[in-house]
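Undergrad: Residue numbers (my numbering), protein chains in the order written: chain A, 1 to 1038; chain B, 1039 to 1610. Just so you know, even glycine gets a beta-carbon here, dropped at the ideal spot from N, CA and C. Note that the structure is a prediction, hence the values are computed from the model and not measured. Have a look at the structure that comes next, please.
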């Protein structure tokens, strides 16, 4: 805390100092800036006075659009006006006379080309035209009406270079990757920055309605200002502020209601008859006609393989519809939002309240969010602004939902009701085992987290030094997490209570100097900041609770010997600190040539003593060719800019405590001596010291063109990039003779290169009819250059997706090639038969031709990453109707974008013992099946074919009707009103087998033999479905 | 203006990067520097080593791996993948260098070795008292030797690592099998000088006698038969240990025999009067430093699937639904055994070929060979009849036969508690409140049992000494030692002429079934192929001579990039 106090002391010193400064002068200019369209005064317009092309003073308009320059020498001046979302405007030759007041009335046009947007670039904002790096402003409108619980999901497919996964469980964050993978063990998620401060909470706890804009820093030169956390790009989120003009308060309401359906309806548990068929397909030798294995043996009775109770139910036709019992018939989402914003001369505010409520397909997979945000900006003096962005969101995930596999595995003839009376049973017949429904009914669960944000800032225009500004940002993010659970699968219940808190604090001092001297422009930013992140928590579990009356609220009534306190490191306290400095200097000449250099120095507590500090430089150059005289005369070119950049950024990867030697101490590896000996702790060396570990560094080169052509009817950007990442942190497999299976090393190199194209065309634009079409294209290739410093391939002996080959893409599939399935009557070589190959099993390519299948027969089958992705948006307006649709596709090219849909199928034992969905497995009468016979397995139980995940998805369709102003005027109170219908994930064209090609299994998910799962959710008993949403919504502004 | 910037710079300078701001504070992480100093901290470190060994003995490393130490031998086969043969039943296809069972066993023992090395190295530089140093070092040396001995028995020569590592190594090569055994000898001999006698240590603690016992086996492997005899004799002659020949312990007054007493719940520890156990793995119900044992669950047949046709009812296929459970509710009762799934299926050789009359190790208290039918109404003519004796098993139609591989075979009680113990051994969730018709309480499906287990008993010391005498060609003394064990069991005494290694292996089956890791015993003697081929109707079909050693795990070879670890001959 001391640290922050000192930083504050510094800030207040500067404020005091500034109060002493006074001004002198002779003339006066006053004016009002209005928006042309709505005739409303515009707040915070930057107004600059130029004398002989030099900026001599600048100010901003107040909430009534007024601005003033009190003391100007008499003479002729030029004025420039710029504002976010509006075209910059210049006024030349304004005469100021001594003792007189000159009045100006300016109307700003809303900007029509992207070039003039003011965008956020990290520790500051810039006009797009002055940006030198690869920065993209996301279009939040494209899928605004889709019912996404987080804002990033609504960008899926819309930004070139940004790959966003599907979310399938209520209230979860999607996976995000910017410009391909450049880390093996580290995160590939971009850094999230909200209102200028690094944000470490979940995206879902930010209400999308509170967000005004999202900018994406993609290349190293843009992201370098965030140094050691920037190599995956940076997402800059800006929340709303007061925009309503003239002492008025705008009130917005929007609400929507969505119903959901599974996109893949086939994936349901097998019915009774399908289950019996499967039993027969397992006992192939018994169930088939001995003379013709393609025919069933009529004498075969599958119920002989069931327990007596199940057999009786099967005979009498009693079965349970577990799907119906454990899912919601009407999964739905509803969302409501009320926003107020307003501004006066000294105050701007935004107040937003949002309610989001999702009832997902699986029972109790629910998510509810209540969020409130208050953003305030105060301007007590024209040189001082103070403000805060504050929010509270309460996220509620309570309720134990059965896992999908529970629903899939429960057998249809295991009936939870009395077959005579139809009454629900507490226990399965003739047992004391509670039914799955009963266990759910008994369980109690509370899971909520509270996310508080309180970010404060002060901004001082230091008078006397024109263009010099000092800003201090103080960020506080406090997260309070609770999970209480009570579970009673037997007469003894288990309950736990987990409490955790996170407190993330940031203090940034930012000094900027921005000024133009004739044709020379200077823009300098200096940053000095620090960060302290703290976590605390504890979790207590009681076992053997027999008095259930108070659930998890009385842990003490369990067996005292089994009351445990968690030693889980994700619960227990930790702390990490960072300090950083950054300098960014930009020089422009003649507003045509812009050169930017940045240098960031990062210190992080998690780095080892040897490597505490990291340095990340970058440089970028832009040429606004469109401003050159020889192009200005070309009418078809409205704007043209070329960008070149080169720089380095990092990925922390090395987390806290990773360089230290660690002992694990706990009861779970402890011991006792004697029948009544007490439990004693055990301890062991769980991590070898690793003082050499450091951050990963990505250097990248980016070349881009921004263009606007044909009267701004065709505009966009094209970027190509090359990046090299070195010092990749990788867990190198070691012989377990060392006592460890792996050791972290910092040694690999990966190269990424790619192209991004964003292009928007406006084929038609009339008063009543307009059509806008946007296309984005993204292609990335990567290649492993070195993996362990030896130039040798690193082959993981067991896992097919964790081997690395020099010169091949990162994430190749190295596995057996399945060439087909052995059929009845096929001649199988004796050596293979001895290995267990027979009819119904996969045929594997024997690469070395030695007659048997060994690990030497594994080969590179393809890669996990796609070749390219394309998103196409269409927006058609006709009078008051707006129709838009968005198509998204990801294509693997040749052997790319591979997944293994069958890798999570159960092994033959469990396939027989459990229910599951029906899938295309081999039997003598289904010889063209995709998957092997369910009855036995060879070599490896997770063996299965790989296939491409290519898909084309009609992701979003929206029809909006906006009520005409003339109609609304009669209503008086309502300023704007529209209603819409929306459909999300309406059509997906894919050959992928299973839940969804675009969803990713959770990182923790492993196959039955411990393998990591390639992307795509396939025939996974535990997969969650992607849903189609049909929504109806309304937006009202009062 | 310059002044102002200057002031600003000073202000910023106030919090210029203090070094300690970035110092890492491990709030909840222990490091060797703060956690390997005091006696209690070293106790925690050695506790973890015991826990590592217990993970092997209780199947806590991985169930299939654990069972692999028993089955695919002359003792048992895998009953879950019986037909078509899969897993270790299809021995040749499965027991390959990439198979997880050798890898898991290898890893489990090398982790014990690593943690033992840490204790051995850190005690030297610690501030511990001399007595503590001796005790911790002795225990760690014992476990290191125990682990290398297991590895050498299963894999042959393995790489030897005796140091605490500060960096990973990638340049291991295999020592010869004899070199590994010699290392075990060195460690054990040193440990023996440091360890206390069994009657002077807490229950379950490594002691001089268990170290001598293991040394005896190591010396047999080194063909130092005289040394082995000396080591075994010093155990046998120690006054604090003896074979249990009369009834003892918690159930001594109930019907039964002394062999069953050895395995009754809570009868294993020295302090409870048991003088036979040399090292007992500790566990207790509801103790958070304990794990349960799943052996009973695996070795007891699956009863839910055991059905029969009631007398006078239609036995045609169409009438399947009329079959009835043999057992009341298809479940076990606590007076017989805990519930099972029939994963480990002992061989016919074990059940039917090795037993002679009067041998209490095969008594109804230890191996249950028949059950009364209770799954029908009391009015049924079948009610209370014996399933085997009264011919019901024989009358089961052939098409149901395959399931009986798992559903019915004699029940080994050794790893199960007895009636009344279940609450204490497996917890209240195990018991229903339902009384079975012929006594006993019906059990729920719980599987984990918290019964102590022997690492070694004195009976095995006699069998080891017999083996050493056989190695020397002294059949009389071989028979004498074997007869000590047989006499206690009430079995007919054997003559010197019968003595050979097969006899000893059969005697070990009789005495140590479900105790010894049979795979390791057979690979130690190079007889896995021979015995499996003869007695295992499943894995015996595909086993070959090169299988007498397990394969070196493939990942160890691949990931050892700085040198070559050679594979055992025959494996590809």
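Rounded to a whole number of angstroms, what is the C-alpha to C-alpha distance between residue 774 of chain A and residue 988 of chain A?
TA: The alpha-carbon atoms of residue 774 of chain A and residue 988 of chain A are separated by roughly 20 Å.
Undergrad: For residue 403 of chain A, which residues of its own chain have a beta-carbon under 7 Å away from its beta-carbon, when the five flanking residues on both sides are left out?
TA: Contacts found: 1022.
Undergrad: Going by beta carbon distance, what residues of the same chain come within less than 8 Å of residue 231 of chain A, once the five residues before and after it are set aside?
TA: Closer than 8 Å at Cβ, skipping near neighbours: 182, 183, 220, 223, 649, 650, 651, 696, 697, 698 and 725.
Undergrad: Assign residue 1098 of chain B to one of three DSSP states: helix, strand, or coil.
TA: Reduced to three states, the DSSP call for residue 1098 of chain B is coil.
Undergrad: Please determine, among A:451, A:410, A:441 and A:411, the residue with the shortest C-alpha to C-alpha distance to residue 369 of chain A.
TA: Looking at the Cα atoms, A:451 is the closest of the given residues.
Undergrad: Identify the residues that DSSP records as bridge partners of residue 1282 of chain B: which are they?
TA: None; residue 1282 of chain B has no bridge partner.
Undergrad: Residues bridged to residue 1468 of chain B by DSSP?
TA: Residue 1468 of chain B is not bridged to any residue.
Undergrad: Return yes when the Cβ of residue 276 of chain A is within less than 8 Å of the Cβ of residue 302 of chain A, no when it is not.
TA: Yes. Within cutoff.
Undergrad: For residue 1041 of chain A versus residue 863 of chain A, is the C-beta spacing smaller than 8 Å?
TA: The first residue shown for chain A is 1 and the last is 1038, placing residue 1041 of chain A beyond what the model contains.
Undergrad: Decide if residue 1287 of chain B is buried, meaning its Cβ has at least 16 other Cβ atoms within 10 Å, or exposed.
TA: Buried: at least 16 other Cβ atoms inside 10 Å.
Undergrad: Does the distance from the C-beta atom of residue 1406 of chain B to that of residue 1448 of chain B stay below 8 Å?
TA: In contact: residue 1406 of chain B and residue 1448 of chain B (Cβ atoms closer than 8 Å).
Undergrad: Shorter than 8 Å from the beta carbon of residue 1241 of chain B to some beta carbon of chain A?
TA: Answer yes: the Cβ-Cβ gap between residue 1241 of chain B and chain A drops below 8 Å somewhere.
Undergrad: What's the call for residue 1433 of chain B, buried or exposed, on a 16-neighbour Cβ count within 10 Å?
TA: Residue 1433 of chain B comes out exposed.
Undergrad: Between residue 1605 of chain B and chain A, is the shortest Cβ-Cβ distance under 8 Å, so that the two count as touching?
TA: For residue 1605 of chain B, the answer is no, since every Cβ of chain A falls outside 8 Å of its Cβ.
Undergrad: Can you give me the C-alpha to C-alpha distance between residue 1019 of chain A and residue 266 of chain A, rounded to a whole angstrom?
TA: Cα-Cα distance, rounded: 11 Å.
Undergrad: Give the straight-line distance between the Cα atoms of residue 819 of chain A and residue 936 of chain A, rounded to the nearest whole angstrom.
TA: Whole-angstrom Cα-Cα distance: 18 Å.
Undergrad: Within the continuous alpha helix (DSSP H) that includes residue 326 of chain A, where are the two ends?
TA: Note, residue 326 of chain A: alpha helix (DSSP H), 322-326.
Undergrad: Can you find a C-beta in chain A that's less than 8 Å from the C-beta of residue 1292 of chain B?
TA: Chain A contact via Cβ: absent.
Undergrad: Do the CB positions of residue 826 of chain A and residue 845 of chain A come within less than 8 Å of each other?
TA: Going by C-beta atoms, residue 826 of chain A is not nearer than 8 Å to residue 845 of chain A.
Undergrad: Note down the Cα distance separating residue 413 of chain A from residue 280 of chain A, rounded to an integer number of angstroms.
TA: Between residue 413 of chain A and residue 280 of chain A, the C-alpha separation is close to 16 Å.
Undergrad: Between residue 1379 of chain B and residue 1424 of chain B, is the Cβ-Cβ spacing less than 8 Å?
TA: Not closer than 8 Å, so no.
Undergrad: Confirm, please, whether the CB-CB distance from residue 719 of chain A to residue 772 of chain A is below 8 Å.
TA: No, they are not a contact pair.
Undergrad: Hey, residue 67 of chain A and residue 59 of chain A are a contact pair by Cβ (cut 8 Å); roughly how many whole angstroms apart?
TA: Right, their Cβ atoms sit about 5 Å apart.
Undergrad: So who's on the other strand from residue 844 of chain A, going by DSSP bridges?
TA: The partner list for residue 844 of chain A (beta bridge, DSSP) reads A:818.
Undergrad: Could you check what DSSP says for residue 22 of chain A in three-state terms: helix, strand or coil?
TA: Its pLDDT being 36, under 50, residue 22 of chain A is placed unreliably in this model, and the value from its coordinates should be taken loosely. Residue 22 of chain A: coil per DSSP, three-state reduction.
Undergrad: Can you look up residue 1115 of chain B in the DSSP assignment and give me helix, strand or coil?
TA: It is a strand residue.
Undergrad: Is the CB of residue 326 of chain A under 8 Å away from at least one CB in chain B?
TA: Closer than 8 Å: no.
Undergrad: Identify the continuous beta strand (DSSP E) that holds residue 447 of chain A and give its terminal residues.
TA: Taken as a continuous stretch (DSSP letters only), the beta strand (DSSP E) holding residue 447 of chain A covers 444-461.
Undergrad: Please list, in chain order, the chain B residues whose beta carbon lies closer than 8 Å to that of residue 834 of chain A.
TA: Neighbours of residue 834 of chain A on chain B, chain order: 1130, 1131 and 1580.
Undergrad: Checking contacts by CB at 8 Å: is residue 612 of chain A closer than that to chain B?
TA: For residue 612 of chain A, the answer is yes, since a Cβ of chain B falls inside 8 Å of its Cβ.
Undergrad: Quick check: residue 1235 of chain B and residue 1247 of chain B, are their CB atoms within less than 8 Å of each other?
TA: Their beta carbons are under 8 Å apart, which means residue 1235 of chain B touches residue 1247 of chain B by this criterion.
Undergrad: When DSSP labels each residue in this structure, what does residue 1562 of chain B get in the three-state scheme?
TA: Reduced to three states, the DSSP call for residue 1562 of chain B is helix.
Undergrad: Return helix, strand or coil for residue 1288 of chain B, following the three-state DSSP convention.
TA: Coil, per DSSP.
Undergrad: If you measure from the beta carbon of residue 823 of chain A to each beta carbon in chain B, is any gap under 8 Å?
TA: False, the Cβ-Cβ gap to chain B never drops below 8 Å.
Undergrad: Do residue 1028 of chain A and residue 260 of chain A have their C-beta atoms closer together than 8 Å?
TA: Yes.
Undergrad: Taking DSSP's pairing of strands, which residues face residue 1208 of chain B in a bridge?
TA: For residue 1208 of chain B, which the question treats as bridged, DSSP gives no partner whatsoever.
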